[in-house]
Amino acid sequence: MVFVSHDLALVAKVAHRITVMYAGQVVEQAPTRELLINPVHEYTRGLLGAVLSIEEGEGRLHQVPGVVPSPREFVTGDRFAPRSSHPTIGLTQRPKLHQVGESEHWFAETDELAEVLAKEAK
């Protein structure tokens with residue numbers, strides 16, 4: 010069964026595995042518990058932030074910055090890139106799925122973004 014929703018709390022109640030997509034591109038995939046405990050992709054963290062802000066009774070829902078583009082405006086590379094914390098990186102390079110350790114957890118990232126994040130971590 011395929012269940013489509015932005016509400017990860019609801020999805021977690023009915024699925025043993027979650028695939029998070031943004032504008033038709035897979036950005037993260039993992040067993041449900043692993044994804045909820047250790048979200049890697051920025052969009053997944055944003056979706057979980059929205060759930061947490063609702064549960065904590067915050068007056069304003071957590072939002073991912075930027076505007077959802079129409080399909081005519083999709084960049085040729087990472088479609089989430091313009092809304093990410095690094096909006097100029099990955100616009101022309103399609104993301105690849107990378108495995109988290111030896112687990113069944115995968116996340117999408119461009120080589121360009123991986124290099125930038127590695128430099129920032131130093």
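Going by the numbering used here, the sequence shown wraps up at 131, each residue one higher than the last. All C-beta atoms, glycine included, are put in the ideal place defined by N, C-alpha and C.
Residue range Leu17 to Val23 is occupied by the alpha helix (DSSP H) that includes Val20. When only Cα atoms are considered, Pro91 and Val13 end up about 23 Å apart.
Under a 10 Å Cβ-count criterion, Asp16 is classified as exposed, with fewer than 16 other Cβ atoms of the shown protein chains found around its own Cβ.
Contact between the stretch 15–29 and the stretch 79–96 is not established, with fewer than three Cβ pairs separated by less than 8 Å. By the beta-carbon neighbour count (other beta carbons within 10 angstroms, threshold 16), Ile46 is exposed. A residue is called buried when at least 16 other Cβ atoms come within 10 angstroms of its Cβ; Pro104 meets this threshold and is buried. The DSSP-derived three-state label of Thr53 is helix.
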